[in-house]
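Here the sequence shown is numbered in our numbering, starting from 29 and rising by one per residue.
Idealized CB from N, CA, C, for every residue including glycine.
Just so you know, these numbers come straight off a predicted model, no measurement behind them.
Written below as structure tokens is the structure these notes are about.
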Amino acid sequence: MNELSTVPGDAGERGGRSPSPDDGPSLLLVDDDAPLRRSLERAMERRGFQVLAAESLKEGLNLAHSSRLEYAVVDLRLEDGSGIDLVARLRQLHPQIKVVILTGYGNIATAVAAIKAGAMDYLAKPADADDVINALLSSGGNLPPPPKNPMSADRVRWEHIQRVFEQCNRNVSETARRLNMHRRTLQRILNKRAPRE
Numbered sequence: 029m030n031e032l033s034t035v036p037g038d039a040g041e042r043g044g045r046s047p048s049p050d051d052g053p054s055l056l057l058v059d060d061d062a063p064l065r066r067s068l069e070r071a072m073e074r075r076g077f078q079v080l081a082a083e084s085l086k087e088g089l090n091l092a093h094s095s096r097l098e099y100a101v102v103d104l105r106l107e108d109g110s111g112i113d114l115v116a117r118l119r120q121l122h123p124q125i126k127v128v129i130l131t132g133y134g135n136i137a138t139a140v141a142a143i144k145a146g147a148m149d150y151l152a153k154p155a156d157a158d159d160v161i162n163a164l165l166s167s168g169g170n171l172p173p174p175p176k177n178p179m180s181a182d183r184v185r186w187e188h189i190q191r192v193f194e195q196c197n198r199n200v201s202e203t204a205r206r207l208n209m210h211r212r213t214l215q216r217i218l219n220k221r222a223p224r225e
């Protein structure tokens, strides 16, 4: 094991103590998907973070109360609650904390709710450790300005369907399965022209 991946103490010791300044930036990782959590925990430790891992909202809150935290990566859907609620509590306990939400259930409404609760970014699972670090370390001021003429929701939907259709080598049945829609509905959409932007 190289020096970057070595973190003082084992997982049991880390859970109850506050990271020292020499350990690197402190990161709370809350996800109920054990394989993903362990993988992301190891990857973040190799990149110099002092990781405190939790599998539930309750465990995450306990660690937040007993630790000095700089960063957090939180799953949107936890078995005992919502990651959005945890984000709001983390921001109350640690006003300067930078939080990223991870989700396997991405949609615009939850992304907006996560940002309003205080998350800096919203990433789809499985998220790469480099993507998580980029999201955590980016400042809100680095975001590009919104487009002057954003695409309509119909146009975004149509382009997504076209992209999946091409990925399926233009196989209508496979595309319909992947999009979880009826084959005839998909055929009607594919036969129409693209909606105006």
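Less than 9 Å between the beta carbons of residue i and residue j, yes or no?
i, j, result
"residue 186", "residue 222", "yes"
"residue 100", "residue 55", "yes"
"residue 114", "residue 76", "no"
"residue 81", "residue 65", "yes"
"residue 215", "residue 200", "yes"
"residue 98", "residue 59", "no"
"residue 61", "residue 103", "yes"
"residue 147", "residue 112", "yes"
Work out the CA separation of residue j and residue i for me, nearest whole Å.
i, j, result
"residue 108", "residue 217", "39 Å"
"residue 211", "residue 203", "8 Å"
"residue 196", "residue 183", "20 Å"
"residue 144", "residue 124", "15 Å"
"residue 63", "residue 69", "10 Å"
"residue 128", "residue 67", "17 Å"
"residue 165", "residue 118", "17 Å"
"residue 95", "residue 219", "57 Å"
"residue 90", "residue 162", "27 Å"
"residue 209", "residue 78", "44 Å"
"residue 37", "residue 53", "For residue 37, the pLDDT reaches just 38, beneath the cut-off of 50, and the residue's location in the model is therefore unreliable, although a value from the coordinates is still provided. Near 16 Å, if we compare the C-alpha coordinates of residue 53 and residue 37."
"residue 2", "residue 86", "The question about residue 2 has no answer here: the residues shown for the chain are numbered 29 through 225."
"residue 136", "residue 181", "11 Å"
"residue 188", "residue 73", "35 Å"
"residue 207", "residue 155", "21 Å"
"residue 122", "residue 192", "41 Å"
"residue 149", "residue 140", "10 Å"
"residue 57", "residue 198", "40 Å"
"residue 151", "residue 133", "10 Å"
"residue 194", "residue 205", "14 Å"
"residue 110", "residue 120", "16 Å"
"residue 116", "residue 213", "41 Å"
What residues match up with residue i in a beta bridge as DSSP calls it?
i, result
"residue 190", "Answer is none; residue 190 lacks a bridge partner."
"residue 129", "102, 150"
"residue 58", "82, 102"
"residue 109", "106"
In terms of residues, what are the limits of the alpha helix (DSSP H) holding residue i?
i, result
"residue 143", "136-145"
"residue 86", "85-94"
"residue 159", "157-165"
"residue 215", "211-219"
"residue 205", "200-207"
Which first and last residues belong to the beta strand (DSSP E) in which residue i is found?
i, result
"residue 7", "In the structure displayed, the chain extends from 29 to 225; residue 7 sits before or after that span and is not available."
Would you mind giving the Cβ-Cβ distance between residue i and residue j, rounded to the nearest angstrom? I have them listed as a contact below 8 Å.
i, j, result
"residue 229", "residue 131", "No answer is possible for residue 229: it lies beyond the span of the chain, which begins at 29 and ends at 225."
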